[in-house]
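Per UniProt numbering, the sequence shown runs over residues 1 to 554.
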Amino acid sequence: MSPLSPILTNFYANHKNHHWLVARDPVLCCTILMISSRYHVLPGAGGESRNFFIHHRLWQHCQQLVMRLTFGQEKSSQSKVRCIGTIEALLLMSEWHPRSLHFPPEIDGWDSDLISTAPEPENHTDSDSSSPNKWLEDMIEPARRSDQMSWMLLGSALSLAHELGVFEAEDKDANNSEYVGFITSDQLKLRRLRVQRLLYVYINQLAWRIGCMSLMPQSLNHAILGGQKSRELGRSGDEWLTLMDSWMDLTKLAKSVTDLFFPSVAFARQQLHSGRYIGLLDHFRPLLSQWKEKYLQPHLHDKPFFDIIFIEYHFVRVYTHSVGMQAVVERALADTEPNNVDDEVRPMNIDSIDYEFIQEVIDGSCQILRKVTQLAEKGALRFSPVRIFLRITSSSIFLMKALSLGTRQAKFRESLEILEKCIQSLRSNALDDIHLSTRYATLLDMHVSRLRRNLLASSKTMKNSRGTTTRSSMAPQSWADQGTSNNTPVYPAMQQDATSVSDMNFVPSLNDIAADDWLSLPFDPSMAPFGISSGGQFPAYEGGNLNFIWNLPS
Numbered sequence: 001m002s003p004l005s006p007i008l009t010n011f012y013a014n015h016k017n018h019h020w021l022v023a024r025d026p027v028l029c030c031t032i033l034m035i036s037s038r039y040h041v042l043p044g045a046g047g048e049s050r051n052f053f054i055h056h057r058l059w060q061h062c063q064q065l066v067m068r069l070t071f072g073q074e075k076s077s078q079s080k081v082r083c084i085g086t087i088e089a090l091l092l093m094s095e096w097h098p099r100s101l102h103f104p105p106e107i108d109g110w111d112s113d114l115i116s117t118a119p120e121p122e123n124h125t126d127s128d129s130s131s132p133n134k135w136l137e138d139m140i141e142p143a144r145r146s147d148q149m150s151w152m153l154l155g156s157a158l159s160l161a162h163e164l165g166v167f168e169a170e171d172k173d174a175n176n177s178e179y180v181g182f183i184t185s186d187q188l189k190l191r192r193l194r195v196q197r198l199l200y201v202y203i204n205q206l207a208w209r210i211g212c213m214s215l216m217p218q219s220l221n222h223a224i225l226g227g228q229k230s231r232e233l234g235r236s237g238d239e240w241l242t243l244m245d246s247w248m249d250l251t252k253l254a255k256s257v258t259d260l261f262f263p264s265v266a267f268a269r270q271q272l273h274s275g276r277y278i279g280l281l282d283h284f285r286p287l288l289s290q291w292k293e294k295y296l297q298p299h300l301h302d303k304p305f306f307d308i309i310f311i312e313y314h315f316v317r318v319y320t321h322s323v324g325m326q327a328v329v330e331r332a333l334a335d336t337e338p339n340n341v342d343d344e345v346r347p348m349n350i351d352s353i354d355y356e357f358i359q360e361v362i363d364g365s366c367q368i369l370r371k372v373t374q375l376a377e378k379g380a381l382r383f384s385p386v387r388i389f390l391r392i393t394s395s396s397i398f399l400m401k402a403l404s405l406g407t408r409q410a411k412f413r414e415s416l417e418i419l420e421k422c423i424q425s426l427r428s429n430a431l432d433d434i435h436l437s438t439r440y441a442t443l444l445d446m447h448v449s450r451l452r453r454n455l456l457a458s459s460k461t462m463k464n465s466r467g468t469t470t471r472s473s474m475a476p477q478s479w480a481d482q483g484t485s486n487n488t489p490v491y492p493a494m495q496q497d498a499t500s501v502s503d504m505n506f507v508p509s510l511n512d513i514a515a516d517d518w519l520s521l522p523f524d525p526s527m528a529p530f531g532i533s534s535g536g537q538f539p540a541y542e543g544g545n546l547n548f549i550w551n552l553p554s
């Protein structure tokens, strides 16, 4: 599992050093055992039951150690809890969660605060009429608990890092360290450097994900970024330093996207309605392309590190271009007359540049889901950190929303095939019946089936009534308005600037899109990827909800 996350060095991988792990890094030791016990079933009779019991007891001890850290209740004057290894342990807990996260606290019984509030009853003709409720209970609530726990753990890790002087030029505790005598000075400096960069990435990534202000002050961000090119601390860590350099640059780029597009609700809407978002995207697209050219090269990374950075890059790419999807929905809402409540006649107004952005979202999401299938084939998906499964969730939501706005039949079928392979991968690599992958595979399967049924139905409707089909189930307005005498639409060629477009080789020419080759769903406001009406920041759960699928007729 260690290669799937960049947190730990190889020092404790050597069995000769296990004694020091137990004696000098008790929090890290207990955390490693706690995580491992959930993923590795013990051999022999009663292995699964013993595995469950051991994991639970180790998690209880981890909680006690974190409480000692928080309340300063160490048993000796020279604390073994307040050390670099504890920061690494807190980061590991934010990557791999205990099973107990999905259950109420033991001493409080069934706390009513943990019960999801059921939404208003809706009339769904599917066999499982509670599917919208299940989406809330099986996906949104576990993801929210994961974010909340990780946010608190990372806050504690940052506080301890400040206390230990991790961000200072000199190690103020170097001569009185618990590691003196078995870890060399260079190794300890390397661990301190790693912790700096790990905290920068993990804290800023999570702050970006949930729409909170970063815990790290700007001055500290600049100090860490300013020293990220150093290579003086050990040649053996070059691959790790390359990964962190690339990940830090990508994190900085992603944060800039959010800061420029969503500083406030009013500003975001003004940019979307005026079309200025296109200029902003033209600014970020070459930056993404330059980052990819510089860092996303297999020869620069170990295979597990390449998989990490591959998924992170394509997610930032999807998130950035999904602003075009938001613009399409915002325009549709703005163009709707107050008395017009019929979604079937609401115009979509997808122009050629927004079509490019939507295709970027589709392709980027498919790249992530293909990588997930590859991880499953190698047996790595089952052991992947929670971060990967949250990316799977978000990418599939972005993909289904992009497809619903409009796509060609070939692209639709290709995307559905990728989604179905991803569902199979999640099911065949399930850790246990409470893990996020198991729940999401079931829910995703239901959503994909309903999406397939309704999009193909829209295609049949178009073929049967080509002249009266509503625009919401036709090709984009700017193309559909141009027709010939034989009712065959003529589409303008898409103009592209090769220097400012990244990953655009997959975008087809609009000239060859026939009216009966275009699939889309009736408009629904929940097709928007961002809930900027309630925030103006990055949504708590990327891509938002999938209510538009359940609002469709069966």
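Glycine included, each C-beta is placed from N, C-alpha and C at the ideal position.
Option in the options with minimal Cα separation from residue i
| i | options | result |
| --- | --- | --- |
| L282 | C83, N547, S437 and H321 | The question names Leu, but residue 282 in the sequence shown is Asp. Closest by alpha carbon: H321. |
| C212 | D238, G181, T258 and F167 | T258 |
| S100 | E137, M34 and R50 | M34 |
| L280 | H301, F315, G406 and A327 | A327 |
| E163 | P104, S79, I140 and R450 | S79 |
| S384 | G364, E360 and S437 | S437 |
| G85 | Q270, H102 and T31 | T31 |
| E309 | L296, V318, R317 and Y319 | Note on identity: in this sequence residue 309 is Ile, with Glu being the wrong assignment. It is L296. |
| E312 | Y179, Q63, R391 and L426 | R391 |
| S428 | A402, I397 and A376 | A376 |
| L4 | F389, D245 and D138 | F389 |
| E88 | S159, S146, V180 and L426 | S159 |
| S365 | I353, G379 and L416 | L416 |
| S246 | K294, R285 and S289 | K294 |
| R285 | L426, M446, G324 and E48 | G324 |
| L193 | R453, S274, G165 and A13 | G165 |
Coil, strand or helix - residue i by DSSP
| i | result |
| --- | --- |
| L546 | coil |
| W518 | strand |
| T184 | coil |
| T407 | strand |
| V81 | coil |
| Y319 | helix |
| Y179 | coil |
| P142 | helix |
| residue 562 | It is not possible to answer for residue 562, since the shown part of the chain is limited to 1 through 554. |
| D351 | coil |
| G364 | helix |
| F167 | coil |
| L456 | helix |
| A327 | helix |
| I7 | coil |
| F530 | coil |
| P304 | helix |
| D432 | coil |
| E95 | helix |
| D524 | coil |
For residue i, the first and last residue of its enclosing alpha helix (DSSP H)
| i | result |
| --- | --- |
| Y295 | Y277 to Y295 |
| A268 | V265 to S274 |
| G44 | G44 -> no alpha helix (DSSP H), and no H or E assigned at all. |
| I32 | P26 to Y39 |
| A254 | D238 to F261 |
| S219 | Q218 to G226 |
Own chain, CB closer than 6 Å to residue i, minus 5 neighbours either side, in chain order
| i | result |
| --- | --- |
| G467 | Caution is warranted here: a pLDDT of 44 is assigned to G467, below 50, making its placement in the model unreliable, and no coordinate value can be reported. |
| L42 | R50 and N51 |
Residues near residue i by beta carbon distance below 7 Å, same chain, minus five either side
| i | result |
| --- | --- |
| Q187 | F11 |
| P298 | F306 |
| M93 | T31 and L153 |
Residues near residue i in its chain [Cβ-Cβ closer than 8 Å; skip 5 each side]
| i | result |
| --- | --- |
| M248 | R197, Y200, V201, I224, L225 and Q228 |
| V81 | P26, V27, L65, R68, L69 and E74 |
| L156 | The residue asked about is misnamed: residue 156 is Ser in this sequence, not Leu. If we look at S156 and ignore the five residues flanking it on each side, its Cβ neighbours are V66, L69, T70 and L90. |
Any non-hydrogen atom of the ligand GDP closer than 8 Å to residue i Cβ
| i | result |
| --- | --- |
| Q187 | Of ligands this structure carries none, so the ligand GDP is not represented either. |
Environment of residue i [buried if 16+ CB atoms lie within 10 Å]
| i | result |
| --- | --- |
| H435 | buried |
| K371 | buried |
| R235 | Because R235 sits at a pLDDT of 47, beneath the cut-off of 50, its placement in the model cannot be relied upon, and the following sentence gives the value as read from the coordinates. Burial call: exposed. |
| R276 | exposed |
| R331 | buried |
| G406 | buried |
| S185 | exposed |
| Q359 | buried |
| R317 | buried |
| S520 | buried |
| F357 | buried |
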